[in-house]
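Have a look at the structure below before the remarks.
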Amino acid sequence: MTCPHCSAVNAAPGIYCHACGLDRTAPLIHPHAKVYAVHGIGLAAVAAVVVSTVLTVLGAVLALVPGAMAEQAQADRDTDLLQRAYLVELAITGMDVLGMLVAGVLVIIWLYRARVNIDAFPEVHPGLAAGWAIGGWFIPFANFVVPCRVMHQVAAASLPHRRVGALTGLWWAGYVVSLATSQISGRMEPDTNTFSAHVAYFGDMFTFGLVEAVGTVLAGFFLVTLILSISRAQSARIERGRAAHVPVVPAAVPSGTISL
Numbered sequence: 023m024t025c026p027h028c029s030a031v032n033a034a035p036g037i038y039c040h041a042c043g044l045d046r047t048a049p050l051i052h053p054h055a056k057v058y059a060v061h062g063i064g065l066a067a068v069a070a071v072v073v074s075t076v077l078t079v080l081g082a083v084l085a086l087v088p089g090a091m092a093e094q095a096q097a098d099r100d101t102d103l104l105q106r107a108y109l110v111e112l113a114i115t116g117m118d119v120l121g122m123l124v125a126g127v128l129v130i131i132w133l134y135r136a137r138v139n140i141d142a143f144p145e146v147h148p149g150l151a152a153g154w155a156i157g158g159w160f161i162p163f164a165n166f167v168v169p170c171r172v173m174h175q176v177a178a179a180s181l182p183h184r185r186v187g188a189l190t191g192l193w194w195a196g197y198v199v200s201l202a203t204s205q206i207s208g209r210m211e212p213d214t215n216t217f218s219a220h221v222a223y224f225g226d227m228f229t230f231g232l233v234e235a236v237g238t239v240l241a242g243f244f245l246v247t248l249i250l251s252i253s254r255a256q257s258a259r260i261e262r263g264r265a266a267h268v269p270v271v272p273a274a275v276p277s278g279t280i281s282l
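If you want it as structure tokens, here you go:
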């Protein structure tokens, strides 16, 4: 008998699969449970994450431009050029922030839907309610832990035969590095109002930008992997579960015939 959960072939009798350990006789989803489609929003979130990652890396490289402008301003004692360097930096930062906001909104929507879906899986008993998939991002201090826990619950329930701890851990580690670096650099200012201090400031911002870019690439890669894998697994399970609950309608008997 093939396990409906992991597709493993079970030769021995029994209700539990020898591969995944789940009840082979249990339904894939509760018949009347609310489930969301996650494939489309998942692809949108992946596209936004990729674009945001590219913008962050591009911003880290382009940070050389205001740094070079500040050095030239120091050589020429040109305060107008120094002000333009800060405007360029502001434009680069704005581009990066916009990309992160769009990606963040789509990822949160996807995570909430994926979290609601696992409530329909009979064998799953999540420790955190679905609302934490949204609220967990906005509560101070808790937002360093809760989103990772929600993602791990969703991944473990959707991909029970895979080791998801490493995926979620590496994603979250990269995200925390990127977020912490961004927060620190956002509070930095030149020590004094001198050309040399401004040049040093732009140099520090470039260094922090590189660290942020590395964290963002790491987080983006594993987040895309999680979204695609979970979306694919949930969509397939929900489709199979719904098909199993479709009632069989007997064929109509042609008029003029006798049925026994």
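For the sequence shown, position 89 (counting from the first letter as 1) is numbered 111 according to my numbering, and the numbering increases by one without interruption.
Cβ atoms here follow ideal geometry from the backbone N, Cα and C, with glycine treated the same way.
Measuring only the C-alpha atoms, how far is residue i from residue j?
i, j, result
"Ala265", "Trp154", "30 Å"
"Ala222", "Leu103", "16 Å"
"His147", "Asp141", "7 Å"
"Ile114", "Thr216", "23 Å"
"Gly225", "Gly81", "14 Å"
"Val72", "Leu120", "13 Å"
"Ile252", "Leu201", "24 Å"
"Arg262", "His52", "12 Å"
"Arg209", "Met173", "30 Å"
"Leu112", "Trp159", "25 Å"
"Val89", "Glu211", "The question names Val, but residue 89 in the sequence shown is Gly. Roughly 14 Å between the two C-alpha positions."
"His131", "Met122", "Per the sequence shown, the amino acid found at residue 131 is Ile instead of His. Near 14 Å, if we compare the C-alpha coordinates of Met122 and Ile131."
"Val127", "Leu133", "10 Å"
"Pro269", "Val83", "Its pLDDT being 46, under 50, Pro269 is placed unreliably in this model, and the value from its coordinates should be taken loosely. The straight-line gap from Cα to Cα measures roughly 59 Å."
Under 9 Å, do residue i and residue j count as touching if we go by C-beta distance?
i, j, result
"Ala256", "Val60", "Residue identity check: residue 256 is Gln in the sequence provided, not Ala. Taking 9 Å as the Cβ cut-off, Gln256 and Val60 qualify as a contacting pair."
"Ser74", "Ala125", "yes"
"Leu86", "Asp118", "no"
"Val199", "Val236", "yes"
"Glu234", "Thr190", "no"
"Gly157", "Gln175", "no"
"Val138", "Val57", "yes"
"Ala92", "Thr101", "no"
"Ile249", "Gly62", "no"
"Leu50", "Arg259", "yes"
My understanding is that residue i touches residue j, with C-beta atoms under 8 Å, so please give their C-beta distance in whole angstroms.
i, j, result
"Thr244", "Ser207", "Note on identity: in this sequence residue 244 is Phe, with Thr being the wrong assignment. Actually they do not touch by this definition, with Cβ atoms about 23 Å apart."
"Ala178", "Phe143", "Going by Cβ atoms, the distance from Ala178 to Phe143 rounds to 11 Å, so no, they are not a contact pair."
Does the stretch 62-76 touch the stretch 102-110, meaning 3 or more C-beta pairs lie closer than 8 Å? no
Closer than 8 Å is the cut-off here; do at least three beta carbon pairs connect the stretch 157-173 with the stretch 182-194? yes
Go through the stretch 235-266 residue by residue and report every complete run of the alpha helix (DSSP H) that reaches 4 residues or more, in order. none
Counting only runs that start and end within the stretch 142-222, where is the alpha helix (DSSP H) found for 4 or more residues in a row? 154-157, 168-180, 187-208
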